[in-house]
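Student: The structure under discussion is supplied below as structure tokens; questions concerning it will follow.
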Amino acid sequence: MDATAEKIIYREDVDPISGAPTITAVPQFVKNALDGVPYNTIQSLDELFKREKLREMWRILRKNDAFDYQLEVCDAIIRSCLLGLGWQFVIMQTRQSGKNEESAFIEQYLLLYGWYYNERISGVKFAPVHKPQVQASMDRLEGADTPDSGGMAGSILTKHAFRKSDGYKFHMGTPRDSNKWAFLSINPSANVASQTAFTLLEGDEAQDIDTNKWERDAQPMGSFNNATTVFWGVAWTKESHIYKAMNQSLEMEKRLEKELGYRPKLVFKIDAHRVIASGNDNYRKAFENQVARLGVNHIAIQTQYLLNFVDSIGRFFDAEQVARIYATSETTRIGPKSDEVYVFAIDVAGQEEDVTTLNDETIGKEKRDSTSMHIGRLDRDGTIMPVCWYHWTGEAHSKVRDQITAIIKHWNTIGGTCDATGIGEPLAHYLKETFPNQEVEAYKFKAQGDENKSKLGYLAYSYVANDRIKIPRQPTADKEQSELWLELKWQIENLVRVAKKQQTINFHVPQNAKPRFAGHVPHDDMVISLFLLMRAAWIIKNPEGRRAEAFDRDGV
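FYI, UniProt numbering numbers position 232 of the sequence shown as 232, with every residue one higher than the one before it.
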């Protein structure tokens, strides 16, 4: 095991865009990154540019040590670049396994090579989002002039010769187009500046790249000199750009095998198990914690860590997850118990929701749901269980508002979450003003695209995986409550997950779902309210204190 593996700490985190659970690496670089390669013994860079000296060059340029899988990736890409082979690589790596470090090393290596041998070297790296993705790539290449930091500014081989121009281009020597690396956004709305990738064209977070945008604006930049192309990322859907690129590269492997007599490796799949097998025991612990917390079938585990592609549209909960939700002998009730704590959640009717079918996301008509309210029992350990449901269809909002107010008082809740999307916003703010001593959250699904809805979906996955959401047995004495219980169960079983860009997810009940009975019209109001109930439970940090503590609203 190398020294770096012992000095990397991993902590659980949440993706700020999608809400997907992830882990973040906090590196502590080795004290002496030049172990075995003292600067005062370097007489000529020719020796370091030899293929077998790749690890030594990594140590000097990056001031840390590389895992074997990182060197394997870098060696293949650098060889294609320097020989002008023009191959297309797809590098899929589990989160926080060093792909950005590999990319930065390749860029730094090639810029140094061009400067030392006076050869034309240039590249362009794209990412879907300027901040943080493009900015992070530039920061990784630049590094810092400190004892424990590598990069252009940190390595003794590049720190005195590198230059930066226009805020997004790096050079070795006097800035010019023949010795530059440019960093650009490939967002569909971005105006891409014309650049030439003479040596290497990169696409980062390729699972989120818009294929049409790439083919129109990015790929032509590498045409002049048959530049090598590399796509970096993780798995996502079978409609994603990286999936298409992977199949293209596999076809290129077959074609090259006929031409060369051997099959070059153009597709690298380095999943969590491969990283763990490399000797990174800290990564093993972090990955096992994630699996224990979320379950191995969680969409984030399957795509971002095990690198398995998923269908764009699929069931939100599988049969095992549904069974876990209903694995309890608890019962419903129509009034509060003195020794229990309650929260509420409300999904407000009136906002047109996006709908889809099991076969085509665009098929189906928009329909309005009813206003649905859950009252949930919040346990000390954070487990939430709905114990009573309320439903309004077609009633005046003023009347519904008064009834909701009375219900909240009846249950003596400590807080809750109210859908504040569209017509729900006045109700949410009314409840905040009416109950100032409760933690009432106004939750907007589409305040920032589908981000909030995606975060709510990932939160629901987390609650199910940790057995923090339970639904009691079907009530038999109250016909209305029994019917609402059946409707909620049907919506849970028919809820559809739609995978979007940037690992975001959407969800709803499709209009062509098999009806529960003749004349039944599919809705998702009750399951949305259930998800909001989990959100309400999540924001209440101290149920016994009957008042929410401070929390980070951007955390989920």
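Every residue gets a Cβ at the ideal spot worked out from N, C-alpha and C, and that includes glycine.
Going residue by residue through the stretch 242-294, where are the continuous alpha helix (DSSP H) segments of at least 4 residues, counting only ones entirely within it?
Tutor: 272-277 and 281-294
Student: If V230 and F89 are in contact, beta carbons under 8 Å, what's the gap, nearest whole angstrom?
Tutor: 5 Å
Student: Are the beta-carbon atoms of G150 and L266 separated by less than 8 Å?
Tutor: no
Student: Three or more beta-carbon pairs under 8 Å between the stretch 333-344 and the stretch 375-383, yes or no?
Tutor: yes
Student: Among residues of its own chain, excluding the 5 on either side of A193, which ones have a beta-carbon nearer than 7 Å to its beta-carbon?
Tutor: L184.
Student: Would you call P510 buried or exposed, if buried means 16 or more other Cβ atoms sit within 10 Å of its Cβ?
Tutor: buried
Student: Three Cβ pairs or more, each shorter than 8 Å: is that satisfied between the stretch 471-491 and the stretch 503-520?
Tutor: yes
Student: Do you know how far the Cα of N412 is from the Cα of R95?
Tutor: Between the alpha carbons of R95 and N412 lies a gap of roughly 44 Å.
Student: Measuring CB to CB, does Y458 end up less than 8 Å from P21?
Tutor: yes
Student: DSSP three-state call for M138: helix, strand or coil?
Tutor: helix
Student: Looking only at its own chain, which residues have a Cβ that is under 8 Å from the Cβ of H429, when we skip the five neighbours before and after it?
Tutor: A420 and A442
Student: Following the continuous alpha helix (DSSP H) through Y430, name the residue where it begins and the one where it ends.
Tutor: G424 to T434
Student: May I have the straight-line CA-CA distance separating residue 638 from P175, to the nearest angstrom?
Tutor: No answer is possible for residue 638: the residues shown for the chain start at 1 and end at 556.
Student: Under three-state DSSP, which class holds D347?
Tutor: strand
Student: What separation, rounded to the nearest whole angstrom, lies between the Cα atoms of A292 and Y463?
Tutor: 12 Å
Student: Identify whether S103 lies in helix, strand or coil by the three-state DSSP scheme.
Tutor: helix
Student: Report back the beta-carbon spacing between S137 and E239 to the nearest angstrom; my notes put them in contact at under 8 Å.
Tutor: Rounded, the Cβ-Cβ distance is 25 Å, inconsistent with contact.
Student: Looking only at C-alpha atoms, which of L431, V322, G261 and N212 sits nearest to D467?
Tutor: V322
Student: Could you check what DSSP says for D419 in three-state terms: helix, strand or coil?
Tutor: strand
Student: To the nearest angstrom, how far is it from the Cα of V26 to the Cα of R284?
Tutor: Caution applies to V26, whose pLDDT of 45 falls short of 50 and renders its modelled position unreliable; the value that the coordinates give is listed next. The alpha-carbon atoms of V26 and R284 are separated by roughly 15 Å.
Student: Between the alpha carbons of K453 and R315, how many angstroms are there, rounded?
Tutor: 16 Å
Student: What number of angstroms, rounded off, separates the C-alpha of N247 from the C-alpha of P436?
Tutor: Rounded to the nearest angstrom, the two C-alpha atoms are 57 Å apart.
Student: Along the chain, where does the beta strand (DSSP E) that runs through R315 open and close?
Tutor: R315 -> beta strand (DSSP E) spans I313 to R315.
Student: Per DSSP, which one or two residues make a beta bridge with N506?
Tutor: V498
Student: Assess, as a yes-or-no matter, whether the stretch 188-205 is touched by the stretch 114-129 under the definition of 3 or more beta carbon pairs within less than 8 Å.
Tutor: Between the stretch 114-129 and the stretch 188-205, the count of C-beta pairs closer than 8 Å reaches three or more; the two stretches touch.
Student: What whole-angstrom Cβ distance do M534 and I469 have, given they're in contact under 8 Å?
Tutor: 6 Å
Student: Use the C-beta contact count for L530: other C-beta atoms within 10 angstroms, 16 or more gives buried, fewer gives exposed.
Tutor: buried
Student: Inspect the beta-carbon positions of K169 and W181 and report whether they are closer than 8 Å.
Tutor: Yes; because the gap between Cβ atoms is below 8 Å, this pair is in contact.
Student: Could you tell me the alpha carbon to alpha carbon distance between I505 and I242, rounded to whole angstroms?
Tutor: 18 Å
Student: Based on DSSP bridge pairs, tell me the residues matched to G394.
Tutor: None, per the DSSP bridge assignment.
Student: Under 8 Å, with one C-beta from each stretch per pair, do the stretch 271-285 and the stretch 299-306 reach the 3-pair mark?
Tutor: yes
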